[in-house]
Structures are given as C-alpha cells and as structure tokens.
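Colleague: Here it is, the structure in full.
Protein chains: 2
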Amino acid sequence: MRGLNGRAALVAIAVAALIGGTILGRVTSGLGGGGLGEIAASRGLTADEAAGALKSFVAPGKYDEYVLLASGGHSGQVHFVGIPSLRLLKTVPVFTPESWAGYGQKADSGEAVLRGGSSTAKNNEQLTWGDTHHPALSETNGTYDGRWAYINDRANGRLAMIDLRDFKTKQIIDLPNMGTSHGGVFATPNTEYVHVSSMQPVPQTPNGYAPLEQYAEHFRGMSAWIAIDPATGRGDVARSFQIELPPYTQDLGDVGKKASAGFGFINSYNTEMSVGTADREGKPLEVGAAKNDYDFLHIIDWQKAQTVAATAGKTVLRNGMRVITLQTAIDDGLLYFAPEPRSPHGVDVSPDGNYIVVGGKLDPHATIYDIDMIKKAIADRNFSGRDRFGVPILKFEAVVAAQVELGAGPLHTQFDNKGNAFTSLFLESAVAKFTLGPKAGVAAGNAFKLVDKVDAHYNIGHLATTEGDTVSADGKYLVALNKWSIDRYPTLGTLKPQNMQLIDLSGEKMKVVAEAPVGYGEPHYAQIIKLDRLAKSLQVYPVGTDPLTFRPSTHATALGRQRIERSGTTVDVYMTVMRSHFAPDVVRVKKGDTVRFHLTSVETTADATHGFAIPGYNAQVSLDPGEVVSIEIKANTVGTFSFYCTEFCSALHLEMQGWLLVEP
Amino acid sequence: MRGLNGRAALVAIAVAALIGGTILGRVTSGLGGGGLGEIAASRGLTADEAAGALKSFVAPGKYDEYVLLASGGHSGQVHFVGIPSLRLLKTVPVFTPESWAGYGQKADSGEAVLRGGSSTAKNNEQLTWGDTHHPALSETNGTYDGRWAYINDRANGRLAMIDLRDFKTKQIIDLPNMGTSHGGVFATPNTEYVHVSSMQPVPQTPNGYAPLEQYAEHFRGMSAWIAIDPATGRGDVARSFQIELPPYTQDLGDVGKKASAGFGFINSYNTEMSVGTADREGKPLEVGAAKNDYDFLHIIDWQKAQTVAATAGKTVLRNGMRVITLQTAIDDGLLYFAPEPRSPHGVDVSPDGNYIVVGGKLDPHATIYDIDMIKKAIADRNFSGRDRFGVPILKFEAVVAAQVELGAGPLHTQFDNKGNAFTSLFLESAVAKFTLGPKAGVAAGNAFKLVDKVDAHYNIGHLATTEGDTVSADGKYLVALNKWSIDRYPTLGTLKPQNMQLIDLSGEKMKVVAEAPVGYGEPHYAQIIKLDRLAKSLQVYPVGTDPLTFRPSTHATALGRQRIERSGTTVDVYMTVMRSHFAPDVVRVKKGDTVRFHLTSVETTADATHGFAIPGYNAQVSLDPGEVVSIEIKANTVGTFSFYCTEFCSALHLEMQGWLLVEP
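As given, the protein sequences belong to chains A and B, one line each in that order. Start counting the first sequence at 1; every next residue gets the next number (the numbering used here). Start counting the second sequence at 1; every next residue gets the next number (the numbering used here).
Put into structure tokens, the structure is as follows:
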C-alpha cells in the first residue's frame, strides 16, 4: 500500500472487504483479469456503484434492450439513446440543418423537408431552427409499432414526422393559426391522429395581429388533430382539424387509451389571462398567472369532434385548416373543463386508461381523475359553472378519484405494469412512487398511497419508464431527465449539460444505477421503446432510391450511364458513387453556370456510406447505400475545387475525390 | 430454474460459477443488491465483460479521469468525451451553426466568428459548414496546458480556435492560398505556431484558376504556420507564414518535440500528380496515384523558416499572407524529402522526439525515421537525388532506423511511456503494439519488435492514447476510432454510427474494455487530456461579459437600467434576464423596424443558463450566467410573438416569456 495515502488505502481495503473482493479474487484468479471485487476496489467503486456498473453495462458487440427517443430541445433535433447503457446511439436532425447527416446542407431531400415546413405567411424568414419538445412514437392498439415518430416544435407551432425505416425526417407541417406549441404530441391508440396543442394563444384576426388589450376577444388557443395517412405516416392537413380554445396558456397534453379512448386531455395555466407587465397592475407574468386557486384541465372528445369536423357547416376554413370554433365546441359537447390545482404541468393517462394524473407544480399533490367519473359528470351535466367563454366546468369532487401528497413540485407521471405511478418532483429533485386505484389492479387498502422516493440530481423535469406511455408499460427502467447537472460532471465551460439518470424499477425500492450527461441538447421529453419493435429499420436502400418517397428516383443513374448534360447555362451531372471513386471525376463548367449534381450510390453493402462535399461551395451530402441525392449550386466563384468523399469508406478513401473546375 | 429454457439456464449457471457469483452472493447478501457475480450472471455478462463494466464505469456524481477531444468530421463540430466511460460530455460547435449553444442562430458572437471565418474572395457563399479533422490542444513545454484547442477544416482550408475557459469557438481563420487542408493541426511545443498544411494543391494564379493540364506549373501545396498570440490564443495572420510545396497531395502532419523540436513533418501521396481521368491515360485517381513505389515524407525546418520569413525580401505577400516560395524553401534549406513507402497516411513523432513513425497504408510496415539520422543526412547532403521541383531527397537508408512488419493497412501511431508504439491497422481492423528503439529506453535486443495485437471493430482509422501526442504520454488507455460499426449496434436507419473502443493498456496484452457508438459525427481524430489539466474552465462569467473578448460588454445593462430606445426605425432593447423573467417583457415595434435585443444575464449561479427565442423570427440564443448577447431582427412580419426562455431554469420557467408585438 506504499504510495497510497492513508485514507485512500483504508477506503480501498474496506471496499474490497465489503464486496468480497478478496474472496472473489481468489476463486477467479485463473481468469487472468483478477476478481471483480478486486477490479472494483482498484477503481474505488463502492458495492452499490459496482452493482450499477454491472446493471447498466452493455458489452462490446451486444445490444441495448431498449431505445430511448429523446427530444433535443432547442437543438432542434432528436436523439436515440440505448437503455440501460445510456449511450447516444444516433442523433437525427429534424428542424435544424445538420451536416453529418447532410440534412439541409444543399441535399434536395432535407432542403425540401425544411422548406416545406416553414410557412412564408407565418414566419419572418425560412426557419432553420426549432425547439423539439414531445416525441410520440406511432402506435397500433395502444402499443408502439416502430413505424414512425412525431415531434413538435415548441417555438414555432410545427409537427415533424420521422420514418423509422431509415430514421430520417420526411415531413414538417407548419401548423396555421398557432404560434408556439407545447401541449405535447401524442398519437391516438392507432395513430389515427397526432395531437398538438398551442401554448401561447395568438390573435385569430386576418393579419394575425391584435393589441394585448383585446386579448380575451381575439386571442385563442388551438387543439390541432393532425390526421395521419396510415400508409406513409404523413400528416394530411385536408383531413385534419383544429378546435379553438380560450386564450389560456395550454400546457401539456395526453390522449386517452382503453377506458378513455376517444378523449384528449390538456392542462392549462394562466387562466387569469395575464399579459405580464402589460396588465393594468404591471406585474410580471409569474405573478399575474398565479392568482387563481384552480386552472382548467381541458377534456376533449376527439372522437366526436372528428364527426363534427366532417359535418358540412360545422367548421370554418382558416389558413387552409378546418377550425371548429370555440362556440361550436361548447355547443356540440366537444370541450369540458375540470378544475385542477393552480399552475399544473403534466397530465398523463395510465396504461389501462382509467386514471388521468395531473402534477400540481405549485401544489404538493398528484391529482388523479377517473374517466368513468368524468363521463358520468358529463352525462349528468354535473357542472360547477362555466368559464367566461361558456365552457362547462365539471365539479372537482365529481371527477377526482384521489389526491396523493407526493412532495414539492410534482410535474410528470409515468407508469409500470403493477399499478404504480412515478412522478417527478422538480423542487425536491426526486421521483415519487405511488399506487393507483383498484381499476389498475391495486387492492383497495393500498390504493393511492406514496410508497417510495428516490433522489434525482438535479431539478428533474420529465421522466420516462420503459414503454410507459403505452397500454403495455413494463416497469423495468425509469430514466430521469434532469434539467441541471451543476457539479455532476467536470466543468467544461459555462454551458453545462443536462443529466440523464437510469433508475432500476425491478425491486420494491427504486434505485439509481447510472447516469450520463446530455451535452448536445435538452432532452425535454422521451419515450422508451423495446428494441425488437424497431425491426422495420432498413440496412440499405434498393439502389436508386429517393429517400423522401422510398421509390426509384427520377434522377438516378447507373454504372456505364453516368453523363454530363448541358442545356444553356445549366449543367446536369449524373454521377455514380462507389468505393472509391466518383464517376465522372472531372466536371468542367463556366463561371455563372447552374450545376446540378445527381448522385447515385451504387453500394449495396450495409454501412458503405459515402459523402460528397464541394469546398468553397458550402455543400455536404451524406449518401447511404443505394440512395440518390441531388444538389444544385450556382458556380459564381472561379477556381479548382476538389470535391471529395466525407465518409471514410475504404483504404482508398482519401483518393476518392475529383475536380469541379469553374473556368473564368 | 423453472421458467428459463435449458440452454439459458446452463449458461447462467456456468457464468455464475466462473465468476464466483455464488460465493460472492453469499458474502455480500447483507448488501441488499445481491453479489456482483449474481448480477453479472443475471445480465448474461461473461467474466471478461463484467471486468470491462467495472473498468469503464464512472459512478453517478464521480468524474472521468480523462477527457477525449474528438473532431466531429463533417458535422463541423468537436466533441468532448469522458474516458474511461466513453460518455459524450459536450458538443462544441465550430464551423457549423448549432442552436442548443445558440451558435450562429442570430447571436452576435457566433455570427461574428462564422462570418469572420469565411472569405468572400475564396468561397462562393458564406460558409456554414466545415469538416473538422485534427484537433490540437495547446501545449507548454510539450505538455497539454488546458488553455486552447485548435482544429482544421479539411473541406475549406480553415483553422479554428476554441477557448477552454468557456469551451466556445473564438476565431476561425480562412487560410488564403489553400483549398482543402488535411495535414493535421499540430501545436509546436510551446504553441508558438499551429501548423496546417493543404491537401489538394490549388493554382497560385491571380484568379485562382488554371487548367489541369498546367498542374505541375501552377498548382502548389502549402504548409501554413499560424503564429499564436500567447495571451489570447488567437492566430495572428500578420506574424504567420506559408511555405510553398510541390503539387503532391500533402496528407497528415506532425511537429517535432524534444530531440526533433523545430522540425515539422508532412506525408504526401500522389507524387505522380495524377488528376484522375483527366490524365492522358484516363485512369481513376486511385490508380494514377499509386504508380510510384515511394512517396515523400516532407521535412520542414520551421525554426529556420520563421527567421527566413522575417527577413526582408525572402517572402512574397499573397492574399494577405507572407509566402516563402518553393525555390526559397529549397535554396535556404527549409525543405527536404525522405522516401516513404507508397501512399502513406499517418506520421507521428514519439514522446522523446527521436522517432518519426510513418504508416504505410498499402505496405505492411511501420517505417521509423530517426531525427539524428535525418539531421546528419541533411548536414552531409546525403541525397539520393532531387524531385522534379529541385527538392533534395535524403537517402532512405540514411534516415530510417527500422521497418517493423505490423500487418495489413497501417495508418496512425500513438505512444505510451514505456517505449511502445501503437499503430492502427485499417485493413486488418486491429491495433498493433511494437517497441521503439534504444533512444526511447528499449533494450537493444527488444527494439523494433511487434509485441501484441488486438482486434478492433471495424476499420480502425485514427487512435489516441492518453496524452499520447505529448512528451508525457502515460500509457493508460487507448481509444480506437473505428470507421464502420456494421453490426455492433442496433440498426437505426441506413446511416450507421462510427464506433469508439476503449482499450486498456495497463497490462502486457492490450484488452478491449468497452465501446460506444458515435452517431453524431465522425470522430476523425482525437487527443486525450488529463481532466485536471482543464482546471482553467470557468463556472460563470462576471455579470456583463462579452464572451468573445471576456471583457465587459458595451451592450450590457443592469437591473433597474433596462430600457427600450428608439432612433428612427431602429429599436434597441436593453433587457435583463434572470429567473424567471425578461425585463422588459413587452416590446412594441412597427412593421419594418430593425430591432436589436441586447440581453444581459444577471445570474451568478453556475448552471443558471437561460435561452431567448423569438418564434417565427428564427432566433435562438443561449445565455450562460453573466453573459451578454445581442441579436438583430428585421421586423417584417406582423403579429404577436411570445419570446421565451428555452433552457428549463426554474419551477416558473414556463412563465418566463414575453411579447414582441409587431404592429401593422
């Protein structure tokens, strides 16, 4: 022990003894690596930490059991993370250009998606940024089917679709009549619709403007139900509809399943309709918006609403979208409110669909609504009154099954398969585990009780359990998405990562097993899918595929048919790409020409990805095996530009280059 | 064992027995978590895999021992990864906008860096993309000092500097007289210069163009020595110089240290000067560039060159840069060649500076040059001839200490502190360990011998050992940067991640311990620094800091001094940002106004980061504690836009929003 200081030596000995290092070392001495206990001791791991290592490690060449799909917040992207290893498997660009994947760096498919998802009427310029918030995996019978993923743009009120065959963004819809969006993106149980609701209401006036003094009169929230094409997964605006909501700030949403199928739920806050210091009192928003004791859980009958939307004369067409006005929504019984404790945040439906759990944020309770009670209160017209816009308010005691005191700052709730719910406590930096009621299989005597708490570091926001948003939550792991990391990681600059923590749910007590920093975007919310449900993913495209449509590209070419065609000042280059050359490899054009490169990867081997970049021309394309991509440049700068392959593809990768010669 | 199928049960029992699970389980049963062996068995880990888990795991709240700085390839960014955990700690944007960090999404500092790093003369448009290749950490006395990091843009011939106080990119220099760059970025032992060399030569003609038929006459490579300001770390073009090189394709580079201090080394290939199918024979480049048996290791005396560059009349000023012409470089003894086996790739200098190791790529050997032999051959003018441009070629046998046969496709070499070298074998997908010579402390009888090999999956490119580019390489870990991952990870679409593998160097035999996918950019090359050398990193800025200069910002404001000033159609908004409000929170402007937001974070708490986004206006800013950021928009779209904080900052984060009202 010479060379170790006294305290470290004592700790090392104690740890080795505690976890049986010596004994294990002896019986495994034939293995060459020393015993597990000895290794743990040599690295200063406690028994708990060593157990965490073994519980979270995925060995080289083996696969994680689950994949977590996390939003990237204001990075504009989404991230796929292996569970239990917490390793970042892949970043997929959605709202923001990303050049590794060649998305929005002149490749036609990415450019088309980004351009198509940015309304020139609504935005000041073409958007190259979004704030991804709530991912929703597509479902069949309430279970993830591994086909598509959806995510909203909290900043600009948009919805994107990622195809899980190739993990690429195929569509962005810029939702009209909405500014920001927050209310989650949730797929109905058979992905008939994806729901997005607005956050900050905007004026429903012809020019989109109204003064704040006319807030109640002109501003409205929106609940948007985007119809999904069952063949392509794309949103179909023509079949979609929006429901007007009062100008409260609509917050998170969820959709019903099983017992509550056909319903949607949205929280709200600022039912005071404060506009911050523009209020008569001049108080900041966080004061003005916290005056009322109760805000309103919005209960929407989307199944009935789709019938109403399909009825002639029941909707108005506003900026290309069918809108059910607030008055029609009230008159036709599509919208009800239930009181919820002030400034709530999360609303989550249990796997069986019976319970709707609301996190209080400024209230220490989880408030648990019962769908049968809601249905009965609606049928009985058991109202405590109406809000100032005429929306009926169901009686609190008629719809709430229980309130469970959890601790400070309850936000979001997830579920397991044993009737338990798990709620994040933001202010307390903890996860609370509590039981649901008899309809979730819990004995009456044990129902609605806090059973465990575990610390999370720090400021936990959302959390996700394995398959926790589906009818088949399996209760194996929970991932805490912690907003601050403070001192959990080395200081690498003033901008700190967020922190993911893996919590083992297999025992009676929850247990933090491992953690990983998120220094590449905010993982605002996440869903966790069993890996084997992603079996539809492609290894390669058939050669000549347009990735946007999965059909043969009209710009494809083949070996022996490469060519350069000039028509006036437009030059079309039909090029094949394979290890290790571009053909043609010399392209001569004149200054001022428009040059269109149509690149066909003729590779059929998985992972034989190439890139294509033109120095000085700001172009970078990723070409997966079989893919066809076009790029267009205006050759205004004279010179010799050596285009090259940006993906290390073979021993002769460096030689995979050619010349774009722009002659004066 | 009921419930397990027969084979799984047998495996579980065998594994438990092998690693002593039962015994450990017994002695640790009081710990509540079961024994380590039992946990490993329950997760199907072999003894080796369980050892890997314990060797690579970093427990919650503890820190990695090292930080790996990896380029992100065509993502344009760099990545900081913890070692041994392989967790991605942070992505730092460099050449490509990135909105999580608010870089290039209208924030003035990022915009200024990107704009300043894109020459309008050289490029067809402002560049928003780069291909980061070779990072270089700054050094003092040949050891990393944790002050700055540099990285080149392989696509566009640029150099960027990241300040390791706040881990932000402070400067990009668009290097004139160069198209692409590849030859590494390496800091001299006291960071006097950072060296970048060109890859594909370009014409040194007034308009930058010459036909390929005049390749030998007009095209030239460049070795650029960018002088570093010792106070700020920024490149100083006025004190920098370039040395013209023949139009071969210059590849990787390194700089000398200790015994070889004052020298630089660059590999080359395509000394045949093939221009692909534009050649008379019409053969592709990979054929045309592999005709010669030998290419040329470039040996540059940079210490002498800086004196020459400072001598009146010895340089020409070309596009703002002092250039030492090829003829002057030859005449003044600044440039020598040594033959190296055909199409080499890596060149790496050993920690003591005595040996320069070249990987053959198409040759199974590492070729090891000796700096004393090089110096003697230069002094003796021991030339085998001159190339067609007149550069003296040192005799191969006069400068080579040894060739060691390693296997198929040797590329890059790293070092430990025991006289060993580690070379990646691309074609064999392996790492070879071999001994250097007596000057590295190896007994003569053991010198220059292959001693071990370990498999890497798959297609290893670069590799990095802990502090392996410095005089104080410590031989603890090696990270293999594998180009393909093929089947190592679940199929998440057609674009697959690359693969990092952690190899333990502590024993006689190398051992793969863990691996992690890289699905966020290509980690082309990496350096590994001890964490404690990064101690200069800031937690927060002093309130009111301009992050570009680290000085008080002229746009800063303070609590109580917030204001909106109008001058004609320009509106300046001096806003403070703190939990949980923006002040002012309502900004009224007219359509057509230019609006400049000057945001001061008055936070002093580490990790109290805020964001500021304007929906529809494509603006997203990250405000670290104390930081001042300005953004400018042209308010052309009428409407009500609720700007908001994009970083979850407190329980009232959602209420942290305000209104930009653009009146008609």
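Just so you know, even glycine gets a beta-carbon here, dropped at the ideal spot from N, CA and C.
#1: Please confirm if B:ASN292 has its CB atom under 8 Å from at least one CB of chain A.
#2: Any beta-carbon of chain A closer than 8 Å to the one on B:TYR103?
#3: Identify the contact partners of B:ALA155 in chain A, using a Cβ-Cβ distance below 7 Å as the criterion.
#4: Report yes or no: do the stretch 73-87 of chain B and the stretch 107-117 of chain B share at least 3 C-beta pairs separated by less than 8 Å?
#5: Between the stretch 619-627 of chain B and the stretch 533-548 of chain B, do at least 3 Cβ pairs fall closer than 8 Å?
#6: Given a threshold of 16 other Cβ atoms within 10 Å of its Cβ, counted over all protein chains shown, does A:ALA480 qualify as buried or as exposed?
#7: If the cut-off is 7 Å on Cβ atoms, which residues from the stretch 467-500 of chain B count as contacting chain A, listed in chain order?
#8: Quick check: what's the CA-CA separation for B:TYR66 versus B:ASP416?
#9: Which ranges would you report for the beta strand (DSSP E) in the stretch 583-644 of chain A if only whole runs of at least 3 residues count?
#10: From the beta carbon of B:GLY658, is the nearest beta carbon of chain A less than 8 Å away?
#11: My output table needs one value for B:TRP100: the three-state DSSP class, helix, strand or coil.
#12: Return the bridge partner residues of B:LYS530 from the DSSP annotation.
#13: For A:ILE39 and B:GLY282, I'd like the C-alpha separation in whole angstroms.
#14: By the three-class DSSP mapping on this structure, what secondary structure does B:ALA290 have?
#15: Would you say A:LYS170 and A:VAL92 are within 8 Å of each other, going by their C-beta atoms?
#16: To the nearest angstrom, how far is it from the Cα of B:ARG665 to the Cα of B:HIS195?
#17: Taking a cut of 7 Å between CB atoms, which residues from the stretch 123-145 of chain A lie near chain B?
#18: Span of the alpha helix (DSSP H) holding B:GLN498?
#19: Jot down the residue ranges of each uninterrupted beta strand (DSSP E) in the stretch 298-339 of chain A, minimum 3 residues, whole runs only, in chain order.
#20: Establish whether the CB of A:ARG322 and some CB of chain B are separated by less than 8 Å.
#21: Should A:PRO247 and A:PRO201 be called a contact, given that it needs their Cβ atoms to be closer than 8 Å?
#22: Using the beta-carbon of each residue, which ones in chain A are nearer than 9 Å to B:ALA527?
#23: Are there 16 or more other CB atoms within 10 angstroms of the CB of A:ALA443, so buried, or fewer, so exposed?
#24: Quick check for students: name the residue ranges of the beta strand (DSSP E) that lie wholly in the stretch 184-271 of chain A, counting only runs of 3 or more.
#25: Express the C-alpha separation of A:GLY521 and A:THR465 in angstroms, rounding to a whole number.
#26: Is the shortest distance between the beta-carbon of B:THR600 and the beta-carbons of chain A less than 8 Å?
#27: Quick one: which chain A residues come within Cβ less than 7 Å of B:ILE39?
#28: Hey, would you say A:ALA136 sits closer than 8 Å to A:PHE186, going by beta carbons?
#29: Out of curiosity, what's the CA-to-CA distance linking B:GLY658 and A:ILE172?
#30: Classify A:GLU565 as helix, strand or coil using the three-state DSSP reduction.
#31: Measuring CB to CB, does A:TYR209 end up less than 8 Å from B:GLY639?
#32: Beta-carbon of A:ALA366 versus every beta-carbon of chain B: anything under 8 Å?
#33: According to DSSP, simplified to helix, strand and coil, what is A:PRO392?
#34: Around the Cβ of A:GLY61, are there at least 16 other Cβ atoms within 10 angstroms (buried) or fewer (exposed)?
#35: Starting from B:ALA651, follow the alpha helix (DSSP H) in both directions and report where the run begins and ends.
#36: Have a look at B:ALA456 and B:VAL357 and give me their C-alpha separation to the nearest angstrom.
Modeller: In brief:
#1: On the second sequence, position 292 is the one that residue 292 of chain B refers to. So no, B:ASN292 is outside the interface.
#2: The residue labelled residue 103 of chain B in the question sits at position 103 within the second sequence. With 8 Å as the cut-off, B:TYR103 does not count as an interface residue toward chain A.
#3: Here residue 155 of chain B refers to the residue found at position 155 when the second sequence is read from its first residue. Here the neighbours are ALA613, PRO615.
#4: no
#5: yes
#6: Position 480 of the first sequence, counted from the first residue, corresponds to residue 480 of chain A. Burial of A:ALA480 is indicated by the presence of at least 16 other C-beta atoms within 10 angstroms of its C-beta.
#7: Those would be LYS483, TRP484, SER485, ILE486, ARG488, TYR489, PRO490, THR491, LEU492, GLY493, THR494, LEU495, LYS496, PRO497, in chain order.
#8: In the second sequence, counting from the first residue as 1, residue 66 of chain B sits at position 66. In the second sequence, counting from the first residue as 1, residue 416 of chain B sits at position 416. One C-alpha to the other measures close to 15 Å.
#9: 586-590, 594-601, 610-614, 619-623, 628-634, 639-641
#10: As a working note, residue 658 of chain B is residue 658 in the second sequence. B:GLY658 counts as touching chain A.
#11: Residue numbering aside, residue 100 of chain B sits at position 100 when the second sequence is read from its first letter. If DSSP states are grouped into helix, strand and coil, B:TRP100 belongs with coil.
#12: As a first step, residue 530 of chain B is located in the second sequence; it is residue number 530 there, counting from the start. Paired residues: B:TYR66.
#13: As a first step, residue 39 of chain A must be located in the first sequence, where it is residue number 39. As a first step, residue 282 of chain B must be located in the second sequence, where it is residue number 282. Computed Cα separation, rounded: 60 Å.
#14: The residue you call residue 290 of chain B lines up with position 290 of the second sequence. In this structure, B:ALA290 counts as coil in the three-state DSSP scheme.
#15: Here the question's residue 170 of chain A lines up with position 170 in the first sequence. Here the question's residue 92 of chain A lines up with position 92 in the first sequence. No, the Cβ-Cβ distance between A:LYS170 and A:VAL92 is not below 8 Å.
#16: Because chain B spans 1 through 664 in this model, residue 665 of chain B falls outside it and cannot be assessed.
#17: Cβ contacts with chain B come from ASN123, ASN124, GLU125, LEU127, THR128, TRP129, ASP131.
#18: Working through the second sequence from its first residue, we reach residue 498 of chain B at position 498. Note, B:GLN498: premise wrong, no alpha helix (DSSP H); beta strand (DSSP E) at 498-504.
#19: 316-318, 321-324
#20: Working through the first sequence from its first residue, we reach residue 322 of chain A at position 322. By this cut-off, A:ARG322 is not an interface position.
#21: Taking the first residue of the first sequence as 1, we reach residue 247 of chain A at position 247. Taking the first residue of the first sequence as 1, we reach residue 201 of chain A at position 201. A contact, by the Cβ cut-off of 8 Å.
#22: The residue you call residue 527 of chain B lines up with position 527 of the second sequence. Going by the sequence as given, residue 527 of chain B is Gln instead of Ala. The contacting residues do not exist; B:GLN527 stays about 15 Å from chain A at best.
#23: For the purposes of this step, residue 443 of chain A is taken as residue 443 along the first sequence, with counting starting at 1. Label assigned to A:ALA443: exposed.
#24: 193-198, 219-228, 235-245, 249-255, 263-269
#25: Looking up residue 465 of chain A in the first sequence gives position 465. Looking up residue 521 of chain A in the first sequence gives position 521. Answer to the nearest angstrom: the Cα atoms are 21 Å apart.
#26: Here residue 600 of chain B corresponds to residue number 600 of the second sequence, with the count starting at 1. B:THR600 does not count as touching chain A.
#27: Here residue 39 of chain B is taken as the residue at index 39 of the second sequence, counted from 1. Within 7 Å Cβ-Cβ: ALA51, LEU54, LYS55.
#28: Position 136 of the first sequence, counted from the first residue, corresponds to residue 136 of chain A. Position 186 of the first sequence, counted from the first residue, corresponds to residue 186 of chain A. For A:ALA136 and A:PHE186, yes; Cβs fall inside 8 Å.
#29: In the second sequence, the residue the question calls residue 658 of chain B occupies position 658. In the first sequence, the residue the question calls residue 172 of chain A occupies position 172. If I take the Cα positions, the gap works out to 26 Å.
#30: Here residue 565 of chain A is taken as the residue at index 565 of the first sequence, counted from 1. Three-state result, A:GLU565: strand.
#31: Walking along the first sequence from the start, residue 209 of chain A turns up at place 209. Walking along the second sequence from the start, residue 639 of chain B turns up at place 639. Yes, they are a contact pair.
#32: Counted from its first residue, the first sequence places residue 366 of chain A at position 366. Not an interface residue.
#33: Here residue 392 of chain A corresponds to residue number 392 of the first sequence, with the count starting at 1. Note: A:PRO392 maps to strand in three-state DSSP.
#34: Counting from one through the first sequence, the residue named residue 61 of chain A turns up at place 61. Under this definition A:GLY61 is an exposed residue.
#35: For the purposes of this step, residue 651 of chain B is taken as the residue at position 651 of the second sequence. Counting along the chain, B:ALA651 falls outside any alpha helix (DSSP H), and DSSP gives it neither H nor E.
#36: Here residue 456 of chain B corresponds to residue number 456 of the second sequence, with the count starting at 1. Here residue 357 of chain B corresponds to residue number 357 of the second sequence, with the count starting at 1. Rounded to the nearest angstrom, the two C-alpha atoms are 21 Å apart.
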